[in-house]
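Q: Residue numbers (the numbering used here): 12 to 154. Just so it is clear, CB atoms sit at the ideal spot from N, CA and C, and this is done for glycine as well. Please read all numbers here as calculations on a predicted model, not as lab measurements.
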């Protein structure tokens with residue numbers, strides 16, 4: 012599949028420039044720097060261990076976890092997060108869920124949120140306009 016490089020190469024590179032890699036142990040396991048915050052990685056890992064019972068309190072908390080699961084191609088986690096989007100947020104924040112599910116290609120959540128959005132009154136629909144609409148391309152939205 013793939014092989015992770017040893018941390019030693021990072022130490023060698025930093026020593027060549029006169030620096031010292033912090034916490035680098037040439038005999039220890041390899042370290043990988045991730046751009047996601049520790050909170051996002053923790054939430055991502057809690058979706059599958061222990062069994063998926065982790066609760067997200069807001070869509071702002073869930074959105075970066077969906078992005079990380081999509082980025083790392085964690086299909087089983089994406090399935091769990093899709094159900095969380097549908098169950099916990101599609102009724103209350105249908106337009107945001109639609110935007111997130113469109114961006115990350117989650118058709119079940121996209122359909123559920125669209126159905127809930129269509130039940131809103133015209134006034135509520137106008138008030139539902141969100142910044143997340145900027146994240147999706149109009150070509151991805153099919154009628």
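#1: Report, in whole angstroms, the separation of the C-beta atoms of residue 120 and residue 96, which I expect to be a contact under 8 Å.
#2: Of all the options 104, 94, 44, 52, which has the alpha carbon lying nearest to the alpha carbon of residue 135?
#3: Starting from the Cα of residue 107, find the closest Cα among 94, 147, 88, 83 and give me that residue.
#4: Is it right to say residue 87 is buried, meaning 16 or more other beta carbons lie within 10 angstroms of its own, or is it exposed?
#5: Determine the DSSP secondary structure at residue 75, reduced to helix, strand or coil.
#6: So within the segment 45-131, which uninterrupted alpha helix (DSSP H) runs reach at least 4 residues, ignoring any that extend past its ends?
#7: Work out the CA separation of residue 37 and residue 112 for me, nearest whole Å.
#8: Among 60, 109, 130, which one has its Cα closest to the Cα of residue 124?
A: This is what the structure holds:
#1: 4 Å
#2: 104
#3: 147
#4: exposed
#5: helix
#6: 49-57, 70-82, 86-95, 105-114, 118-129
#7: 42 Å
#8: 109
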